[in-house]
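To keep things clear, I will list the structure first and then write my remarks on it.
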Amino acid sequence: MAFLLLIVIALITACLASSIAEDKGHSAAAWGLCGFLFGPLGLIAAAGLSDRKLRRYIRQIGEKQEAIKAEVLPKTLEETRKEKIIGTFVLLKTAEEDAVLEKILSFLGSDIADKVDRSKSYLNEPLFGGTEFVVNDSKGNCLAIAFRNEGLMNEYQWEVSLQ
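Listed below in structure tokens is the structure:
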């Protein structure tokens with residue numbers, strides 16, 4: 800009976816901590832877990848979080864009234880990657896690595912394409928998902944990368960960017 804009571808209290812504090820954290824602009828899932836594991840202490844901690852939404856609104860009001868300078872946000876990794884794209888192409892999913900490399904080389908200038916070492920260029924599946932084709936020179940330095948995206952039913956779309 801006591802175990803059931805502890806589970807009920809844990810669920811209630813998890814829901815409350817999650818709701819409070821989300822209202823303040825923090826991760827609802829993380830603070831819900833904190834409320835579940837630590838009970839009322841997790842709930843008190845969530846209540847003590849800073850209010851990110853309120854801070855953002857106050858900053859916007861201050862910027863609009865020119866009381867403070869607008870904050871220049873750094874570019875995300877994805878935005879930086881999109882700026883470097885020099886071309887895209889589509890290949891069948893069954894295409895060999897050599898066909899992918901040939902298409903990538905067609906986007907590179909002759910000065911860069913001449914430096915490419917085919918034996919050191921490879922298809923890579925990074926830790927955080929996706930697939931990329933890395934084009935290296937003879938010293939192993941990265942010259943270009945092509946990122947693979949899902950295309951139509953039996954095709955991949957590739958985005959080529961210089962490094």
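In terms of this note's numbering, the numbers along the sequence shown are unbroken and rise by one, the last being 962.
For every residue, glycine included, the Cβ atom is placed at its ideal position computed from N, Cα and C.
Simplified DSSP assignment, three categories, for residue i
| i | result |
| --- | --- |
| G908 | coil |
| A898 | helix |
| D822 | helix |
| E862 | helix |
| A869 | coil |
| S937 | coil |
| S960 | strand |
Which listed residue (the options) has its alpha carbon closest to that of residue i
| i | options | result |
| --- | --- | --- |
| M952 | V934, D936, V889, D916 | V889 |
| T930 | A945, A816, A827 | A945 |
| L922 | D897, G908, A912 | D897 |
| R917 | A943, L848, M800 | A943 |
| V842 | E821, K852, W957 | Strictly speaking, residue 842 in this sequence is Leu, with Val absent from that position. For the residues E821, K852, W957, the minimum Cα distance to L842 belongs to E821. |
Length of the line joining the Cα atoms of residue i and residue j
| i | j | result |
| --- | --- | --- |
| C941 | F906 | 15 angstroms |
| K914 | S937 | 7 angstroms |
| K863 | R854 | 14 angstroms |
| A807 | P925 | The sequence shown places Val at residue 807, not Ala. The straight-line gap from Cα to Cα measures roughly 41 angstroms. |
| L961 | G950 | 22 angstroms |
| L810 | N948 | 40 angstroms |
| F932 | V959 | 9 angstroms |
| A912 | K823 | 51 angstroms |
Is it true that the region 858-871 meets the region 900-913, where meeting means three or more beta-carbon pairs spaced less than 8 angstroms apart? Contact fails: fewer than three Cβ-Cβ distances are below 8 angstroms.
Would you call the region 828-836 in contact with the region 853-861, where contact means no fewer than 3 C-beta pairs closer than 8 angstroms? Contact between the region 828-836 and the region 853-861 is absent, because fewer than three Cβ pairs lie under 8 angstroms.
Enumerate, from N- to C-terminal direction, the unbroken alpha helix (DSSP H) stretches of 4 or more residues contained entirely within the region 803-859. If we require 4 residues or more, the alpha helix (DSSP H) runs fully inside the region 803-859 come out as 827-837, 839-846.
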